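Trainee:
In my numbering, the protein residues as written are 9 to 208.
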């Protein structure tokens, strides 16, 4: 099991991060909450990882904090919640907010996230209620040595692509980006604003 990677950030194209670790390139899928704190390309980072081995692939998922990784691991244990949906949840809400939604039985907040219907939201609340205390006690850890994100070549296109990757329909992703575009903003900030508006 690969639990952590430390290396040079080669590329960041949501939802994937490419990391050079002693000459070996690792492709890691990450939630937008991790992208928000990544430094510029060519900087060194430490990222907490979870590895999933399937018959046809070996997949790495990366997180800025141990707390997020812990929640991811609990989410994928819920019936009907795979890794992609778990990343969508972490991209749309913070660990703390998710805890409050579960403890408050707030399924309405969860169904605002793409890919989560009423039944899935109710299942999440029921199955996560007993686990959420352990998630909240996880230790925070930074994925980045610097918090200044690099500006992608096409931040609007990157933002739309990332939202589609999180499960939004192309037309919805384009609309969300247009409504939350700001001149000179990096794609990570555009995505952050779009996601915050979607669940508001």
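The C-beta atom is built at its ideal place from N, Cα and C for all residues, glycine as well. All values reported here derive from a predicted model rather than from experimental measurement.
Tell me, to the nearest whole angstrom, how far the beta carbon of residue 56 is from that of residue 19; I am working on the premise that it is less than 8 angstroms.
Mentor: 19 angstroms between Cβ atoms; not a contact.
Trainee: Excluding the five sequence neighbours on either side, which residues of its own chain have a C-beta within less than 7 angstroms of the C-beta of residue 1, listed in chain order?
Mentor: One cannot answer for residue 1 here, as it falls past the ends of the chain, which runs 9 to 208.
Trainee: Quick one: give me the first and last residue of the alpha helix (DSSP H) that residue 94 is part of.
Mentor: Where residue 94 is concerned, the enclosing alpha helix (DSSP H) stretches over 91 to 100.
Trainee: So, for residue 67: in the same chain, excluding its five sequence neighbours on each side, which residues have a beta-carbon less than 6 angstroms away from its beta-carbon?
Mentor: If we look at residue 67 and ignore the five residues flanking it on each side, its Cβ neighbours are 60.
Trainee: Can you have a look at residue 168 and say buried or exposed, based on whether 16 or more other CB atoms are within 10 angstroms of its CB?
Mentor: Buried: at least 16 other Cβ atoms inside 10 Å.
Trainee: Assuming residue 14 and residue 29 are in contact, meaning their beta carbons sit under 8 angstroms apart, how far apart are those beta carbons, in whole angstroms?
Mentor: Indeed, because the Cβ distance is near 7 angstroms, the residues count as touching under 8 angstroms.
Trainee: Roughly how many whole angstroms lie between the Cα atoms of residue 9 and residue 174?
Mentor: The straight-line gap from Cα to Cα measures roughly 25 angstroms.
Trainee: How about residue 203 and residue 185: do their beta carbons lie closer than 7 angstroms?
Mentor: Not in contact: residue 203 and residue 185 (Cβ atoms no closer than 7 angstroms).
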